[in-house]
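For the numbering used here, add 10 to where a residue sits in the first sequence, where the first one is 1. Beta carbons are placed, not taken as given, at the ideal position from N, Cα and C, and that holds for glycine. Predicted model, so just to flag it, every value in this text is computed and none were measured. What follows is a single structure, written as structure tokens, with notes after it.
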Amino acid sequence: MERTMIAELSQCIDQTVKISGWLQVLRDQKSMQFLILRDRTGLVQVAHWKKGNPELAELISTLGTESALTVTGKVVENPSVKLGGLEIQLETLAVENAAEAPLPFELTGDVLPNVDFRMDWRYLDLRRPEPLLVFKVQTTLEKAAREFWLQNGFMEIHSPKIMGTPSESGAELFELKYFDGKAYLAQSPQFYKQMGMAAGFDRVFEIGPVFRADPSFTSRHMTEFTGLDFEMAWINDHHDVMDMIERWLQYIYQAVKDEHGEAIKELLGVDLVVPSLPFPRIPMLEAIQIVKEMGYDLPEGKTKDLDPGGERTIAQHVKEKFNHDFVFVTDWPITARPFYHMRKPEDPSLTRSFDLLANGLEICTGAQREHRRAMLERQALEMGLTTEPIAYYLDFFRYGCPPHGGMGMGLSRLLMVLLGLPNIREAVYLFRGPNRLNP
RNA sequence: GGGGGCGUGGUGUAGCGGCUAACAUGCGGCCCUGUCAAGGCCGAGAUCGCGGGUUCGAACCCCGUCGCUCCCGCCA
């Protein structure tokens, strides 16, 4: 017999079906047993008259919750059953894998253990409907992201994660042994995306792992995460990149809302709002003024960009003034940006760059890149870099590289914002941080 | 790297100088004509993170240490 998913049972009234899932609750009474079974699609009640099969009844009595079971039985309508008005009258039951009792924690309890404990037992934690929904949403999100990119002329690339030379600053790089020498884990596909521009691919994207050796202990940092990156050629300036991002995000939000809007509201209490276009864009200097006028004191030394408190303040301003959850903070000073961001021709102390804040959280950084080799080299030297380690990168710009720009976004940060999750650990399958390497 | 908060049965909490350390939930047993957040009764389960100190007396105060967590720095 084929397995039936629980969500489809209402179409199987009076049929005998096979259901596989986990025993969420067992109500073991004098004459009857009720088993609440859960699969990826929902819950169903299975009823068993003990008299009909005393041997089976005895077996059921020994079952621990969360045991993996396969049952067969007839689906019957029963209005008095609060769970969907139907139940399965048990015929056979196979214990595929009994669960030890007690469980490390109660999956359906009113209160949850702290995040760290749940990370130790992540596979049990993931059985709960909320985490399950997070990853259903992630799947839809990635599908929509790809769809949009493919519809808009982007090609998917997969760049190497093992690198021979530290790119960019090198400060947050994981070093590893590589045969007799050493190598580094990529902390961004940045240079390789840009190589795609030099290669004439026009538009590329990558969804892949990114490694940061940052000893950061916050609710929004990880040492390994999935980056959503794209790069596009023949642009006029960074506004072309922002135009693309906001259309792309709108498309993603719409897809997630269509597919999961109701479940998100029900389980997470979030009413997903598809963002309107265009997103507000505020130059950094203006943002600093606004934040000051709102009475927020930037910390000493923060005269050229915003700290997280400032970011939350500007987000609040945007929410009040434009009723928008997103804001691009643009035209960052060169001191706060890497050497490859293009400078503004009319003010070389500023860059053609932006960060995207979503509900005050930084989820994305982008810019037009400097594609003129001489200029790029000069900027690298100015920022105190030596050109030798980036020689390969600089070479990309020797034989006809078009003007281009792009962005990088953290997948889990986007999920956090989308679903209103308080901690990035809830938005990632398995968390990696300075003190977390297992499971 | 800097700072704050928290470590008490499996889990979540209460207790904050003088108790046999309390409650909820889970777990085990018994009872219950169909339960459905099931219910009722009984029971097991904690040397209060670890080490030192103060005190007649420490889960409680002090110091150290470890773990977790959040904020800042940095970033996605």
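So, does the segment 268 to 287 touch the segment 299 to 313, judging by three or more C-beta pairs under 8 Å? Touching, no.
In terms of residues, what are the limits of the beta strand (DSSP E) holding serine 363? Where serine 363 is concerned, the enclosing beta strand (DSSP E) starts and stops at 363 to 368.
Name the residue from Ser77, Lys61, Leu19 and Thr72 whose alpha carbon lies nearest to the alpha carbon of tryptophan 32. That would be Ser77, whose Cα lies nearest to the Cα of tryptophan 32.
_Are the CB atoms of valine 81 and glutamate 97 within a distance shorter than 8 Å?_
At the C-beta level, glutamate 97 and valine 81 stay beyond 8 Å of one another.
**Close-in-space but distant-in-sequence residues of the same chain around alanine 346 (CB under 7 Å, 5 per side omitted)** = These residues qualify, in order along the chain: Lys314 and Asp315.
**Message:** Pop quiz: proline 444 and threonine 233 are said to be a contact at Cβ under 8 Å. What is the actual Cβ separation, rounded to whole angstroms?
**Reply:** A Cβ-Cβ distance of about 6 Å is found for the pair proline 444 and threonine 233, placing them in contact under the 8 Å criterion.
| request: Specify the secondary structure class of tyrosine 194 as computed by DSSP and reduced to three states. | output: Tyrosine 194: strand per DSSP, three-state reduction.
Note to self: So the candidates are Lys192, Ile172 and Ala193; which of them puts its Cα closest to the Cα of tyrosine 202?
What the structure shows: Nearest option by C-alpha distance: Ile172.
Per DSSP, the bridge partner or partners of tryptophan 244: DSSP lists no partner for tryptophan 244.
Which residue's Cα is closest to the Cα of arginine 50: Met15, Asp212, Thr72 and Leu277?
For arginine 50, the closest of Met15, Asp212, Thr72 and Leu277 by C-alpha to C-alpha distance is Met15.
**Request:** Tell me, to the nearest whole angstrom, how far the beta carbon of cysteine 411 is from that of methionine 207; I am working on the premise that it is less than 8 Å.
**Result:** Contact between cysteine 411 and methionine 207 holds: their C-beta atoms lie close to 6 Å from each other, under 8 Å.
Do you know offhand how far glycine 394's Cα is from glutamate 387's?
The alpha-carbon atoms of glycine 394 and glutamate 387 are separated by roughly 11 Å.
*Skipping 5 residues on each side, what residues in its chain have a beta carbon closer than 8 Å to that of serine 20?*
If the five residues before and after serine 20 are omitted, its C-beta is found closer than 8 Å to the C-beta atoms of Gly94 and Leu96, all from its own chain and listed in chain order.
For this session: Using DSSP bridges, identify the partner residues of isoleucine 29.
Result: Isoleucine 29 is bridged to Val81.
Next on the checklist: Quick test of the definition: if touching needs 3 or more C-beta pairs under 8 Å, does the segment 215 to 222 touch the segment 158 to 172?
Outcome noted: They touch, by the three-pair rule.
With distances taken between CB atoms, is the gap from arginine 362 to alanine 377 smaller than 8 Å? Judged by their CB atoms, arginine 362 and alanine 377 are nearer to each other than the 8 Å cut-off.
Check your understanding: Excluding sequence positions up to five away, which residues of its chain have a Cβ less than 6 Å from the Cβ of lysine 60?
Key -> Taken in chain order, the residues that qualify are Ser41 and Ala67.
> First and last residue of the alpha helix (DSSP H) that includes tryptophan 59?
Replying inline: First-last for tryptophan 59: 52 to 59, but that is the beta strand (DSSP E), not the alpha helix (DSSP H).
* Asked: For the putative contact between alanine 223 and glutamate 182, defined by C-beta atoms under 8 Å, what is the C-beta separation to the nearest angstrom?
  -> Right, their Cβ atoms sit about 5 Å apart.
Do the CB positions of methionine 252 and arginine 291 come within less than 8 Å of each other? Yes; because the gap between Cβ atoms is below 8 Å, this pair is in contact.
Review point. Buried or exposed: where does valine 147 fall if 16 or more other Cβ atoms within 10 Å of its Cβ makes it buried?
Key: Classification for valine 147: buried.
Taking Cβ to Cβ, would you say leucine 278 is nearer than 8 Å to glycine 420?
The answer is no: Cβ separation not under 8 Å.
Under the three-state DSSP convention, the category phenylalanine 184 falls into: Note: phenylalanine 184 maps to coil in three-state DSSP.
Considering only their Cβ atoms, is the gap separating leucine 143 from isoleucine 46 smaller than 8 Å? In this structure, the beta-carbon distance from isoleucine 46 to leucine 143 does not fall below 8 Å.
Worksheet entry | Rounded separation between glutamine 527 and leucine 440 - CA only | Residue 527 is absent from the structure shown; the chain starts at 11 and stops at 449.
Practice task
Measure the Cβ-Cβ separation of glycine 271 and aspartate 212 and say whether it is below 8 Å.
Solution key: No; because the gap between Cβ atoms is not below 8 Å, this pair is not in contact.
Measure the CB-CB distance between arginine 230 and arginine 408 and report whether it falls below 8 Å.
Not a contact, by the Cβ cut-off of 8 Å.
Outcome for glutamine 25 when other beta-carbon atoms lying within 10 angstroms are tallied against a minimum of 16: Glutamine 25 is exposed by the Cβ-count criterion.
request  = With a threshold of 16 other CB atoms inside 10 Å of the CB of arginine 48, please say whether the residue is buried or exposed.
outcome  = Classification for arginine 48: buried.
Quiz prompt | Residue closest to leucine 160, alpha-carbon to alpha-carbon, out of Phe240, Ile400, Met417 and Asp341 | solution = With distances taken between CA atoms, leucine 160 lies nearest to Phe240 out of Phe240, Ile400, Met417 and Asp341.
Practice prompt. Find out if the Cβ-Cβ distance for the pair alanine 154, isoleucine 262 is shorter than 8 Å.
Written response: Between alanine 154 and isoleucine 262, the C-beta gap is smaller than 8 Å, which places the two residues in contact.
Top-ranked residue by Cα proximity to arginine 156, from Trp258, Asn246, Gly319 and Gln55 | Nearest Cα to arginine 156 within the set Trp258, Asn246, Gly319 and Gln55: Trp258.
Subject >> Ranges of the beta strand (DSSP E) found wholly within the segment 395 to 429, counting only runs of at least 3 >> reply: Here the runs fully enclosed are 414 to 420.
Quiz item: What residue does the alpha helix (DSSP H) around aspartate 130 start on, and which one ends it?
Solution: Start and end: 125 to 130.
message: Please give the ranges of any beta strand (DSSP E) in the segment 270 to 327, keeping only runs that are unbroken, at least 3 residues long and fully inside the region.
response: Listed in chain order, they are 291 to 293.
Practice prompt. Could you name the residues that DSSP lists as bridge partners for leucine 96?
Written response: Note: leucine 96 is bridge-paired with Glu87 in the DSSP secondary-structure output.
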